[in-house]
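> I'd like to ask you about the structure that follows.
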Ligand code: GLY
Ligand code: MN
Ligand code: MN
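In my numbering, the protein residues as written are 2 to 431.
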């Protein structure tokens with residue numbers, strides 16, 4: 002791992018949060034991700050499943066966590082099954098968790114090698130009346146591949162048809178959405194690395210620079226700060242490209258007079274930061290660009306103030322819609338008549354601002370959370386309004402990551418990343 006070892010008290014506390022919500026005499030199983038193949042013997046870099054990571058800190062493939070709080074054998078109340086390692090295996094396969102380092106990482110005393118799983122799991126299931134299975138219930142999840150977890154679930158349902166099945170997802174979504182201070186510190190580190198990337202760019206961007214050169218500067222800055230790299234596929238979109246919401250080609254030359262939309266964030270210790278800034282290629286916004294920019298900034302600042310305990314996200318998104326409506330009228334992009342005659346299912350403002358304003362952020366960039374429940378202290382959200390005007394070759398989005406506080410305005414993890422148009426201009430022309 003590039004990151005420093007995380008205090009294992011985080012994982013002890015996370016497991017306690019999960020097990021305290023389990024039904025009596027049940028166990029829960031969490032599988033690691035597979036290493037995904039490319040072709041021949043190539044593979045994608047390993048990315049751990051966020052749930053086993055959250056509950057154990059184990060950032061390694063072929064790992065299984067079992068939680069069984071009522072197990073008659075105290076040693077089986079929390080168990081890790083890991084890929085076997087030894088000094089000899091390490092020569093060929095590199096460093097893997099030993100039983101000792103697995104304990105140091107997770108706080109879990111009982112660590113078996115993976116080949117022992119079938120036998121021990123059978124004993125545990127004979128004693129348990131139900132099992133928590135970890136299905137992916139993220140609202141936007143849309144994958145075709147069968148994960149290691151999916152294969153496990155199929156097998157369990159076949160082998161143990163008489164056991165009661167429970168869902169881990171609602172518990173995980175709830176507990177993962179409220180961050181521990183250790184997690185907030187890790188997320189702050191991710192945001193600070195992103196800040197270093199942005200500051201590096203302000204002296205680098207000039208007319209004629211290519212979008213991929215900007216991406217390369219960021220990658221360099223992220224990696225030299227112990228990040229694995231981008232938390233999500235970066236968007237470096239100059240001019241009209243900024244109006245393509247998921248533009249990831251990053252292969253165009255940036256022209257004098259254009260604005261570049263950068264939706265880029267570093268990961269740190271598997272935690273995401275998620276930032277958007279818009280930068281004038283030549284170091285100065287035109288009056289029109291600045292007017293649109295300041296409209297978006299105003300909506301972002303006002304929206305942020307609404308993220309207080311008790312807010313319902315659906316209601317919040319409606320209120321942000323009204324904030325945006327007002328700005329779009331001021332900019333002459335929509336009229337009061339457009340608003341009066343609008344389809345309530347697709348309000349007039351959506352012509353220029355067609356995406357959501359906020360999402361949960363954490364181990365996943367579009368993190369899990371219970372969208373229908375009131376928001377609470379220590380949840381982390383992005384705030385990311387935008388105005389996209391293809392006819393003007395201009396797209397502006399501004400995005401910060403904020404922590405909901407028990408009282409008062411949210412804490413902005415990106416407060417130090419330049420956002421005022423004047424500050425960006427001053428830094429580019431320093
Ligand atoms: N970068 C992904 C998002 O802003 O949601
Ligand atoms: Mn983003
Ligand atoms: Mn975002």
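The beta carbon of each residue, even a glycine, is placed where N, CA and C say it ideally should be.
Taking only runs that begin and end inside the segment 124-202, name each unbroken alpha helix (DSSP H) of 4 or more residues, in chain order.
Listed in chain order, they are 149-160, 170-178.
> For ligand 2, any of its heavy atoms closer than 7 Å to the Cβ of residue 277?
Residue 277: yes, Cβ under 7 Å from ligand 2.
> Expressed to the nearest angstrom, what Euclidean distance is found between the alpha-carbon atoms of residue 144 and residue 186?
Cα to Cα, the separation comes out at about 31 Å.
> Rounded to whole angstroms, what's the CA-CA distance from residue 27 to residue 174? Just pull it up for me.
Roughly 19 Å between the two C-alpha positions.
> Go through its chain and collect everything with a Cβ distance to residue 111's Cβ below 6 Å, but skip five positions before and after it.
If we look at residue 111 and ignore the five residues flanking it on each side, its Cβ neighbours are 76, 80.
> Within the same chain, show all residues whose beta-carbon is closer than 8 Å to that of residue 355, passing over the 5 residues directly before and after it, in chain order.
So the qualifying residues of the chain are 246, 389.
> Smallest Cα separation from residue 6: which of 58, 400, 45?
Nearest of 58, 400, 45 to residue 6, Cα basis: 58.
> Looking at residue 396 and residue 380, is the spacing between their C-beta atoms short of 8 Å?
Against a cut-off of 8 Å, the Cβ pair of residue 396 and residue 380 comes out as no contact.
> Compute the Euclidean distance between the alpha carbons of residue 135 and residue 129, then round it to the nearest angstrom.
If I take the Cα positions, the gap works out to 17 Å.
> If you draw a straight line from the C-alpha of residue 147 to the C-alpha of residue 206, how long is it?
If I take the Cα positions, the gap works out to 42 Å.
> Tell me the residue span of the alpha helix (DSSP H) that contains residue 93.
It spans 88-94 - the alpha helix (DSSP H) in which residue 93 sits, taken as one unbroken run.
> For residue 319, which of 339, 349, 310 has the nearest alpha-carbon?
With distances taken between Cα atoms, residue 319 lies closest to 349.
> With DSSP collapsed to three states, give me the class of residue 260.
The answer is strand: DSSP assigns residue 260 an E or B state.
> Round the Cβ separation of residue 305 and residue 410 to the nearest angstrom and send it over; I've been treating them as touching at under 8 Å.
Contact holds; Cβ gap of about 7 Å.
> Does the segment 198-218 come into contact with the segment 245-265, if we say contact requires no fewer than three beta-carbon pairs (one atom in each stretch) closer than 8 Å?
Cβ pair count under 8 Å is three or more, so yes.
> If you run the structure through DSSP and keep just helix, strand and coil, what is residue 331?
DSSP places residue 331 in helix when its eight states are reduced to three.
> By how many angstroms is the C-alpha of residue 342 removed from the C-alpha of residue 266?
Whole-angstrom Cα-Cα distance: 39 Å.
> What is the residue span of the beta strand (DSSP E) that residue 344 lies within?
Here residue 344 belongs to no beta strand (DSSP E), and DSSP marks it neither H nor E.
> Curious, which full-length beta strand (DSSP E) runs of at least 3 residues does the segment 25-112 contain?
27-32, 65-68, 79-83, all fully within the segment 25-112.
> Taking 7 Å as the cut-off, does the CB of residue 216 come closer than this to any heavy atom belonging to ligand 2?
No, since every heavy atom of ligand 2 falls outside the 7 Å radius drawn around the Cβ of residue 216.
> Compare the Cα-Cα distances from residue 351 to each of 193, 152, 323 and report the closest residue.
With distances taken between Cα atoms, residue 351 lies closest to 323.
> Give me the DSSP bridge partner(s) of residue 400.
In the DSSP output, where bridge partners are listed per residue, residue 400 has 277.
> Quick check: does the Cβ of residue 383 come within less than 7 Å of any heavy atom belonging to ligand 1?
Yes, since a heavy atom of ligand 1 falls inside the 7 Å radius drawn around the Cβ of residue 383.
> Starting from residue 236, follow the beta strand (DSSP E) in both directions and report where the run begins and ends.
Looking at the DSSP string, the run of the beta strand (DSSP E) that includes residue 236 is 236-239.
> On the three-pair Cβ rule with 8 Å, is the segment 27-44 touching the segment 290-309?
Flag = no, the segment 27-44 and the segment 290-309 do not touch.
> So, is residue 198 buried or exposed, given that buried needs 16 or more other C-beta atoms within 10 angstroms?
Per the 10 Å Cβ criterion, buried.
> Is the Cβ-Cβ distance between residue 273 and residue 220 less than 8 Å?
Result no, Cβ atoms of residue 273 and residue 220 do not sit closer than 8 Å.
> What are the start and end residues of the alpha helix (DSSP H) that includes residue 389?
It is not in any alpha helix (DSSP H) - residue 389 instead sits in the beta strand (DSSP E) that spans 387-390.
> Considering residue 382, what are the terminal residues of the beta strand (DSSP E) in which it resides?
Element bounds for residue 382: 381-384.
> Compute every distance between the C-beta of residue 268 and the non-hydrogen atoms of ligand 2, then say whether any falls below 7 Å.
It does not: the Cβ of residue 268 is nowhere closer than 7 Å to a heavy atom of ligand 2.
> List the DSSP bridge partners of residue 231.
Per DSSP, 267.
> Could you work out which residue in 180, 118, 182 is closest to residue 157 when comparing CA atoms only?
Closest option to residue 157, Cα to Cα, is 118.
> Verify whether the separation of the beta carbon atoms of residue 363 and residue 141 is less than 8 Å.
For residue 363 and residue 141, no; Cβs fall outside 8 Å.
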